[in-house]
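Residue numbers (this note's numbering): 43 to 636.
Even glycine gets a Cβ: it sits at the ideal position worked out from N, Cα and C.
Read through the structure below, which is laid out as structure tokens, and then see the notes.
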């Protein structure tokens, strides 16, 4: 026998107590309303904070029964486990069903500021996935009825053991002795077993091969903003997505991402997932194709509460901003410890915004931000055959990427024509930039359009066999092949003129590039530059960092050995530079410009 939360009378059965808990949550959501008087209205992504005279909730959800089960079998510090109203609404949407009993969302991404309670939520959902009625069984009128999963297998996945510990260490306190006896639960440091070891929760780290081929029923990728190619994060996500997709129709696998805002340009799994979701958003009936979704919805529930872009990072504003994005996490000390962290000069402002404002922001020395670059994407714009274009090529032998960008002369629209980069891991051993493939891309551009300018920066590294400069022979071939077709040359004057070779090691060329960089920045700010929305170009642009040089303020990688490439960003600026040079000369005949 147990006592109900909201009454003094005793509840005489588990079923009755379960119903009482569900009623308690229904009343809680009826009584709560959005906070009023916020100085900084947050950006609300997803359904959890949507209000229309009442909270917007799914018509059918197994979440109500999960809330009831949680109150019965999970424990908090001071009694039965209680979800906040915000968490309860998210869970109702996570377990939402369509009219056929299929989950509305096969996956969810919960993005909140640090300290919100993502790990406790993931821990509770993980235990519920093992023992609660979280799979659809049948309809009782208009109410869905679930059943437990007899082969429940939950994986909590991260790229480091410490990240999985954040969730797994909550299990002993979350699962009381009564629940352990009922379900035969045993708890270890990295695993939880139950019901004769037929149900399991396990922590998995940095092992794509260990993940490959499994058939888990719930996967919790923890802190995916830290998953990248350098720590096998992309390979892990690929294995997870494949495992989830192959589950049986009557026993679907779910994925629950939990994390903070990602760092733009790092090409993390979080960045890829968020970007993919954003590409599904828009009005399918919009007259302007740019306002329509680029891709079909793929079943992801994205839910985030973020500070508005204009929110200042100041001592006066920060506590109110944090409070606005904390949601129901009233336990966070916005005016104390968090404020001190924000004011600590050792913490970069971009990291404070990411952690405490839940904002996706670029580093302080970033050349461009997602907020600046992304709205300029126009994948619907097509450069038609025969139109005038210019090209810029940035070359490498093996370490950096080799990129080729085109730019339409009439409006400066930028398109990505190719990128060649060493594959990760063992596949990249001995890899060299494929000159023949780069040449094929150049030939294709000349065949399709009227190319009036083609500049390229050759790498100065040597060919291992001939000991000549790796790209010089190819550049000379392009010079001989196209010199009479190009209206503007990379190096002017005779007899040393060259139609294509624009050596960025030369100070005069660096100065020209720095000048073009400043013009490109102004065009970005004025929204006078458009691009094709290529994800590789976006990554390189967001990777670019401002760096002072003897020629002026230029761009570079964040440090010399960084794996974050910027070559396509250099090409985009270079192509716009070539376009300007052509427009300023308007030579109507072939040959060099003197």
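*Taking 8 Å as the cut-off, decide whether the C-beta atoms of residue 143 and residue 186 are in contact.*
In the chain shown, counting from the first residue as 1, residue 143 sits at position 101. In the chain shown, counting from the first residue as 1, residue 186 sits at position 144. Going by C-beta atoms, residue 143 is nearer than 8 Å to residue 186.
*Tell whether a beta-carbon distance below 8 Å holds between residue 10 and residue 588.*
Missing from the structure shown is residue 10; the chain here goes from 43 to 636 and no further.
*Based on the DSSP output, what are the partners of residue 419 in its beta bridges?*
Taking the first residue of the chain shown as position 1, residue 419 is located at position 377. Within the DSSP secondary-structure output, residue 419 pairs in a beta bridge with 573.
*Starting from the N-terminal side, write out each stretch of the beta strand (DSSP E) that is 3 residues or longer and does not extend beyond the region 58 to 85.*
Runs of the beta strand (DSSP E) inside the region 58 to 85: none found.
*Going by alpha carbons, who is nearest to residue 545 out of 538, 533, 537 and 607?*
The residue you call residue 545 lines up with position 503 of the chain shown. Ranking 538, 533, 537 and 607 by Cα distance to residue 545 puts 533 first.
*Thinking residue 190 and residue 173 are a contact (beta carbons under 8 Å), I'd like their distance in whole angstroms, please.*
Here residue 190 corresponds to residue number 148 of the chain shown, with the count starting at 1. Here residue 173 corresponds to residue number 131 of the chain shown, with the count starting at 1. The Cβ separation is near 6 Å, so the contact holds.
*Residues that DSSP places opposite residue 264 in a beta bridge*: Start at 1 with the first residue of the chain shown, and residue 264 comes out as number 222. BP columns for residue 264 point to 300.
*Rounded straight-line distance, which links the Cα of residue 449 to that of residue 456*: As a working mapping, residue 456 is identified with position 414 in the chain shown. As a working mapping, residue 449 is identified with position 407 in the chain shown. Those two C-alpha atoms are separated by around 5 Å.
*asked:* Please classify residue 464 as buried or exposed, where buried requires at least 16 neighbouring CB atoms within 10 angstroms.
replied: Translated into positions along the chain shown, residue 464 becomes position 422. Result: buried.
*asked:* Please classify residue 356 as buried or exposed, where buried requires at least 16 neighbouring CB atoms within 10 angstroms.
replied: Translated into the one-based positions of the chain shown, residue 356 becomes position 314. Exposed, by the Cβ-count rule.
*Buried or exposed: where does residue 50 fall if 16 or more other Cβ atoms within 10 Å of its Cβ makes it buried?*
Taking the chain shown and counting its residues from 1, one reaches residue 50 at position 8. Low local confidence applies: a pLDDT of 43 at residue 50 is under 50, so the model's placement there is unreliable, with the coordinate-based value given in what follows. Residue 50 should be labelled exposed.
_Inter-residue Cα distance where the pair is residue 540 and residue 530_ = Residue 540 sits at position 498 when you count from the first residue of the chain shown. Residue 530 sits at position 488 when you count from the first residue of the chain shown. Whole-angstrom Cα-Cα distance: 10 Å.
*Starting from the C-beta of residue 361, find all residues in its chain whose C-beta is less than 7 Å away, skip the five residues before and the five after it, and write them out in chain order.*
The residue you call residue 361 lines up with position 319 of the chain shown. Within the same chain, residue 361 has close Cβ partners 376, 377 and 381.
*asked:* Measuring CB atoms only, is the region 218 to 227 touching the region 263 to 281, in the sense that at least three cross pairs come out at less than 8 Å?
replied: no
*Burial state of residue 202 (16 or more Cβ within 10 Å)*: As a working mapping, residue 202 is identified with position 160 in the chain shown. Under a 10 Å Cβ-count criterion, residue 202 is classified as exposed, with fewer than 16 other Cβ atoms of the shown protein chains found around its own Cβ.
*What are the start and end residues of the beta strand (DSSP E) that includes residue 587?*
On the chain shown, position 545 is the one that residue 587 refers to. It spans 587 to 591 - the beta strand (DSSP E) in which residue 587 sits, taken as one unbroken run.
*Taking 8 Å as the CB-CB cut-off, is residue 500 touching chain D?*
Checking the listed chains, one finds no chain D in this structure; it contains a single protein chain.
_Taking 8 Å as the threshold (C-beta atoms), are residue 296 and residue 304 in contact?_
For this step, residue 304 is matched to residue 262 along the chain shown. For this step, residue 296 is matched to residue 254 along the chain shown. Contact: no.
*Any idea if residue 551 is buried or exposed, counting beta-carbon neighbours within 10 angstroms, 16 or more meaning buried?*
Against the chain shown, residue 551 aligns to sequence position 509. Counting Cβ neighbours within 10 Å, residue 551 comes out buried, since at least 16 surround it.
*Can you round the beta-carbon distance between residue 444 and residue 473 to whole angstroms, since I take them to be within the 8 Å contact cut?*
For the purposes of this step, residue 444 is identified with residue 402 of the chain shown, where counting begins at 1. For the purposes of this step, residue 473 is identified with residue 431 of the chain shown, where counting begins at 1. Not really, about 11 Å apart at Cβ, beyond 8 Å.
*Same chain only: Cβ atoms within 6 Å of residue 623, ignoring 5 sequence neighbours per side*: If you number the chain shown from 1, residue 623 lands on position 581. Contacts found: 530.
*Excluding sequence positions up to five away, which residues of its chain have a Cβ less than 7 Å from the Cβ of residue 97?*
Taking the chain shown and counting its residues from 1, the one referred to as residue 97 is at position 55. 71 and 131, listed in sequence order.
*With C-beta atoms as the reference, is residue 264 less than 8 Å away from residue 198?*
The residue you call residue 264 lines up with position 222 of the chain shown. The residue you call residue 198 lines up with position 156 of the chain shown. Less than 8 Å divides the Cβ of residue 264 from the Cβ of residue 198.
_Per-residue burial, residue 415 [other beta carbons within 10 Å of its own, 16 or more giving buried]_ = If you number the chain shown from 1, residue 415 lands on position 373. Label assigned to residue 415: buried.
*What are the start and end residues of the beta strand (DSSP E) that includes residue 186?*
On the chain shown, position 144 is the one that residue 186 refers to. 185 to 189 is the span of the beta strand (DSSP E), which, as asked, contains residue 186.
*Please go through the region 385 to 438 and give each complete beta strand (DSSP E) segment of 3 or more residues, from N-terminal end onward.*
430 to 436
*asked:* With H, G and I counted as helix, E and B as strand and the rest as coil, what does DSSP make of residue 492?
replied: Start at 1 with the first residue of the chain shown, and residue 492 comes out as number 450. Assignment of residue 492 by DSSP, reduced to helix, strand and coil, places it in the strand class.
*asked:* What does the Cβ neighbour count give for residue 339, buried or exposed, with the cut at 16 atoms within 10 Å?
replied: One-based indexing of the chain shown puts residue 339 at position 297. Result: exposed.
*To the nearest angstrom, how far is it from the Cα of residue 106 to the Cα of residue 379?*
Locating residue 106 in the chain shown gives position 64, where the first residue counts as 1. Locating residue 379 in the chain shown gives position 337, where the first residue counts as 1. In a straight line, the C-alpha of residue 106 is about 36 Å away from that of residue 379.
*Taking the C-alpha atoms as reference points, what is the distance between residue 319 and residue 342?*
What you label residue 319 is simply residue 277 of the chain shown in a count that begins at 1. What you label residue 342 is simply residue 300 of the chain shown in a count that begins at 1. Whole-angstrom Cα-Cα distance: 7 Å.
_Whole-angstrom distance between residue 298 and residue 260, CA atom to CA atom_ = If you number the chain shown from 1, residue 260 lands on position 218. If you number the chain shown from 1, residue 298 lands on position 256. Roughly 8 Å between the two C-alpha positions.
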